[in-house]
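Respectively, the protein sequence lines represent chains A and B.
Per numbering that gives the first Met the number 0, residue 0 is the first one in the first sequence, and the count goes up by one each step.
Per numbering that gives the first Met the number 0, residue 0 is the first one in the second sequence, and the count goes up by one each step.
Glycine included, each C-beta is placed from N, C-alpha and C at the ideal position.
Just so it is clear, the structure is predicted and the values come from calculations on it, not from any experiment.
Everything below concerns the one structure shown next.
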Amino acid sequence: MAKNICTIAEQRNGELRKITYETVSEARRLADRTGGSVTTILLGGPGIGSKAAGLGAYGADAVIVAEDEALSKYTTDAYCQVIAALVKEKSPSILIMGASSEGKDLSSRLAAALDAGLAMDCTALDLDDNQNLVATRPMYAGKVFAETKFADGCLQMATTRPNVISVAEPDQSRSAAVEKTPVSLDAGSLKTELLDVMADTSGKADLTEAEIIVSGGRGMKDGENFRILEELADVLGATVGASRSAVDAGWRPHRDQVGQTGKVVTPNLYIACGISGSIQHLAGMASSKVIVAINKDPDAPIFQKADYGIVGDLFDYVPVLTEEFKKIKSE
Amino acid sequence: MDIIVCIKQVPDTETQIKIDSAGTDVVKDDIKWIMNPYDEFGVEEALRLKEKHGGSVTVVSVGPKRATEAIRTALAMGADKGMLLNDQAFENGDSFSAAKALAAAIKTLPHSVIFCGQRAIDDDNATAGAALAHYLGIPQVCVVTKVEVASDGASLTATRPVEGGNLLIRAQLPCVLTTQKGLNEPRYASLPGIMKAKKKPLEEKSAGDLGLDPSTVGAAGSKTRIRKLTPPPTRKAGQIVQGETVEEKSAKLVKLLHDEAKVV
Chain A
0 MAKNICTIAE QRNGELRKIT YETVSEARRL ADRTGGSVTT ILLGGPGIGS
50 KAAGLGAYGA DAVIVAEDEA LSKYTTDAYC QVIAALVKEK SPSILIMGAS
100 SEGKDLSSRL AAALDAGLAM DCTALDLDDN QNLVATRPMY AGKVFAETKF
150 ADGCLQMATT RPNVISVAEP DQSRSAAVEK TPVSLDAGSL KTELLDVMAD
200 TSGKADLTEA EIIVSGGRGM KDGENFRILE ELADVLGATV GASRSAVDAG
250 WRPHRDQVGQ TGKVVTPNLY IACGISGSIQ HLAGMASSKV IVAINKDPDA
300 PIFQKADYGI VGDLFDYVPV LTEEFKKIKS E
Chain B
0 MDIIVCIKQV PDTETQIKID SAGTDVVKDD IKWIMNPYDE FGVEEALRLK
50 EKHGGSVTVV SVGPKRATEA IRTALAMGAD KGMLLNDQAF ENGDSFSAAK
100 ALAAAIKTLP HSVIFCGQRA IDDDNATAGA ALAHYLGIPQ VCVVTKVEVA
150 SDGASLTATR PVEGGNLLIR AQLPCVLTTQ KGLNEPRYAS LPGIMKAKKK
200 PLEEKSAGDL GLDPSTVGAA GSKTRIRKLT PPPTRKAGQI VQGETVEEKS
250 AKLVKLLHDE AKVV
């Protein structure tokens with residue numbers, strides 16, 4: 000029997016986020032093997048429906064749109080209520096969404112509400128011989144990977160880590176059937192309220208979504224010195240991260256921490272400056288595509304993981320590298 | 000205010016993970032066990048809320064006998080009493096079946112704020128808090144870095160970092176909060192605290208005590224299971240960039256990243 004797949008789109012301020020295209024692309028690849036269809040559920044404020052048809056080019060066969068002022072910004076209660084009802088109605092075999100902050104919050108509650116199985120923060124999805132989902136996810140911050148199977152007959156849910164699923168080349172000859180669905184929210188069941196959104200105005204991507212990360216550790220010696228990493232990051236369009244010791248020293252805020260008790264990251268390029276490479280830090284960044292380490296100590300464990308290493312003082316190298324990157328960027 | 004903190008005992012972050020011979024679990028002998036670091040923020044915040052608003056702090060954990068050590072740690076920090084949900088029926092479950100057990104226990108206790116770590120650093124699921132909130136039929140605010148309970152005790156506001164900013168959310172009580180680094184600096188257990196903790200009440204409950212059907216919890220109640228564990232893809236040490244001067248080595252590295260690795 001063909002197994003149908005649903006995905007949940009993610010939007011912010013009326014714009015679809017990259018993770019939406021990642022999950023639709025992955026659902027299409029799987030659906031081509033199951034012979035089933037891909038339906039994307041898109042919630043948002045009035046006008047969000049205009050974004051729906053475009054998802055066809057990435058592989059959605061149908062997009063169900065729920066437009067309502069109350070859905071313009073994500074809240075757990077409202078989104079869970081609307082999406083749970085739509086998923087029940089469509090009764091897909093597989094449901095895929097992003098492991099973003101929103102996706103983690105929603106997927107956990109949704110899985111409980113739908114009595115589904117959930118594999119969180121997956122780095123790969125596959126199907127077994129019976130077309131059941133096999134989800135691969137890191138545990139212990141990436142010290143081990145687990146292939147996860149689902150119990151018979153339950154809805155199989157997976158969230159995918161941002162940046163690990165490739166977005167399909169859009170095929171403009173494909174279009175999705177757009178279906179608008181009426182929204183009726185039970186106001187009495189809404190027990191949370193979004194009071195304020197305090198936007199980060201730095202313009203930098205969050206570490207979990209960043210394509211390039213420049214990270215500093217104990218070798219930075221002081222919070223002030225992170226300025227040179229910021230300058231390098233500006234040239235590369237990168238986000239600045241930090242090791243636990245740099246965060247615990249108060250040089251950087253907690254949200255910048257990469258590692259087992261911080262963020263687990265998957266950028267294309269990770270530049271570790273003055274980071275020796277504790278087991279906890281390595282676990283958090285080892286899935287980066289390319290790792291560069293700059294460290295004075297040639298025996299630092301980070302060099303065992305790095306694709307490219309420079310043995311030397313980061314204070315000598317970072318400013319020169321910044322200039323070199325500037326040159327190559329302007330070519 | 001009656002505050003509940005759900006905690007999990009996990010392997011210390013220093014632990015080198017080894018896969019067992021069956022390939023479906025990690026080797027758990029000779030592991031140093033600790034309280035999940037994210038749960039410590041929950042214990043600390045609960046103690047601060049109690050100091051400000053009065054009430055009690057109860058620590059609940061699902062786990063084998065050894066998990067009492069983690070509960071005692073929380074009691075030594077200042078929590079009032081502990082409850083361990085210990086039953087073979089709870090073993091090898093996913094985080095949803097653990098949340099079901101926690102929900103059954105918490106239903107027997109007065110509760111207005113419930114803390115869970117935003118994720119456990121062993122299975123990295125980040126699901127138990129929201130699932131617990133659903134099973135209790137109450138709201139959740141996940142991954143919080145600031146909490147203020149309203150003076151009338153009917154609601155709270157919490158700050159939740161997301162990609163590109165922070166959200167300020169108001170939730171009606173009772174409510175589940177999952178805690179993130181940055182919320183506070185957890186206190187250490189003092190020596191008198193450790194002595195006192197030994198005398199604090201710590202109950203054990205089985206599935207039967209909580210009126211739970213064993214087929215709905217633990218491995219039997221889980222909707223997911225691990226088919227196979229594999230070590231992470233190996234990363235070999237790459238090349239150390241050689242050269243005479245800082246300028247030469249820097250230029251070489253940038254060229255390698257551009258021409259060979261093609262990441263800039």
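With DSSP as the reference, please indicate the residues paired to residue i in a beta bridge.
| i | result |
| --- | --- |
| B/T126 | Note: B/T126 sits in no beta bridge, so no partner. |
| A/N294 | A/V310 |
| A/A145 | A/R136, B/L228 |
| A/M219 | Note: A/M219 sits in no beta bridge, so no partner. |
| A/E192 | B/R169 |
| B/K254 | According to DSSP, which records beta bridges pairwise, B/K254 is partnered with nothing at all. |
| A/R28 | Beta-bridge pairing links A/R28 to no other residue. |
| A/A61 | A/T38, A/A176 |
| A/L231 | Answer is none; A/L231 lacks a bridge partner. |
| A/S214 | A/G240, A/A271 |
| A/A198 | B/G164 |
| B/F114 | B/V4, B/L176 |
Quick one, which of the options has its alpha-carbon nearest residue i's?
| i | options | result |
| --- | --- | --- |
| A/K179 | A/P45, A/G58, A/M219, A/N129 | A/P45 |
| A/R184 | A/I82, A/A285, A/G283, A/G222 | According to the sequence as given, residue 184 of chain A is Leu; it is not Arg. Nearest option by C-alpha distance: A/I82. |
| A/S165 | A/P297, A/Y20, A/H253 | A/Y20 |
| A/I4 | A/I40, A/S92, A/D67 | A/S92 |
| B/R226 | A/A150, A/L41, A/D221 | A/A150 |
| A/V143 | B/N35, B/T229, B/T244 | B/T229 |
| B/G207 | B/D86, B/A21, B/Y37 | B/D86 |
| B/A236 | A/P297, A/V234, A/K103, A/A52 | A/P297 |
| A/A51 | A/R173, A/A198, A/E210 | A/R173 |
| A/L85 | A/H253, A/A248, A/L189, A/T6 | A/T6 |
| A/L228 | A/F324, A/A248, A/A69, A/K304 | A/F324 |
| B/K204 | B/Q179, B/I105, B/Q117 | B/I105 |
| A/D67 | A/G48, A/L113, A/V317 | A/G48 |
| B/E50 | B/P185, B/M0, B/K254 | B/M0 |
| B/L74 | B/K261, B/L190, B/L172 | B/L190 |
| B/V61 | B/G53, B/I70, B/S55, B/G54 | B/I70 |
Pull up the CB-CB distance for residue i and residue j, whole angstroms please, since I reckon it's below 8 angstroms.
| i | j | result |
| --- | --- | --- |
| A/I278 | B/Q15 | 7 angstroms |
| B/A45 | B/I6 | No, B/A45 and B/I6 are not in contact; Cβ-Cβ is about 10 angstroms, not under 8 angstroms. |
| A/L268 | A/A175 | Rounded, the Cβ-Cβ distance is 34 angstroms, inconsistent with contact. |
| A/E208 | B/E162 | 6 angstroms |
| A/G340 | A/P169 | This structure cannot speak to residue 340 of chain A, because chain A is shown only from 0 to 330. |
| A/K295 | A/D306 | The Cβ separation is near 19 angstroms, so there is no contact. |
| A/T265 | A/S286 | 5 angstroms |
| B/A157 | B/V175 | Actually they do not touch by this definition, with Cβ atoms about 11 angstroms apart. |
| B/T144 | B/P160 | 6 angstroms |
Counting only the same chain and skipping the five closest in sequence on each side, list residues whose C-beta sits under 8 angstroms from that of residue i.
| i | result |
| --- | --- |
| B/L211 | A88, K99, A100, A103 |
| A/A1 | T33, G34, G35, S36 |
| B/E13 | K31 |
| B/N183 | F40, E43, E44, R47 |
| A/G283 | A140, G141, V257, G258, Q259, G261, K262, V263, V264 |
| B/A149 | L155, T156 |
| A/T191 | T74, T75, D76 |
With a CB to CB cut of under 7 angstroms and the five nearest residues on each side skipped, what residues in its chain are close to residue i?
| i | result |
| --- | --- |
| B/T67 | L83, L201 |
| B/S96 | V216, G217, G220, S221 |
| A/E101 | E9, Y73 |
| B/G92 | V216, G217, A218, G220, S221 |
| B/R65 | Q8, W32 |
| A/A77 | A69, L70, L184, L189 |
| B/Y134 | A98, K99, A102 |
| B/V140 | A157, R159, I168, A170, C174, L176 |
| B/N35 | I6, K7, V9, G116, A119, I120 |
| A/A167 | S24, R27, Y57, G58 |
| B/P296 | In the structure as shown, chain B starts at 0 and stops at 263, and residue 296 of chain B therefore has no counterpart that could be examined. |
Less than 6 angstroms between C-beta atoms, sequence neighbours within five positions excluded: which residues of the same chain meet that for residue i?
| i | result |
| --- | --- |
| B/A130 | F95, A98 |
| A/V213 | L228, L231, A232, A237, V239, I270 |
| A/A115 | C153, L154, M156 |
| B/V20 | According to the sequence as given, residue 20 of chain B is Ser; it is not Val. Same-chain partners within the cutoff: there are none. |
| A/W250 | G222 |
At a CB-CB cut-off below 9 angstroms, which residues of chain D make contact with residue i?
| i | result |
| --- | --- |
| B/S221 | Of the chains in the structure shown, none is chain D; the protein chains are A and B. |
Measuring from the CB of residue i, is there a heavy atom of the ligand COA at a distance below 6 angstroms?
| i | result |
| --- | --- |
| A/G34 | Looking for the ligand COA in the displayed structure turns up nothing, as the structure carries no ligands at all. |
Tell me, please, whether the stretch 188–204 of chain B touches the stretch 163–170 of chain B by the rule of three or more beta-carbon pairs shorter than 8 angstroms. no
Stretch-stretch touch, CB-based, cutoff 8 angstroms, three pairs: the stretch 210–229 of chain A with the stretch 98–117 of chain A: no
Three or more C-beta pairs closer than 8 angstroms, one from the stretch 119–127 of chain A and one from the stretch 118–130 of chain B: is that the case here? yes
The stretch 129–137 of chain A contacting the stretch 110–118 of chain B, beta-carbon criterion three pairs below 8 angstroms: no
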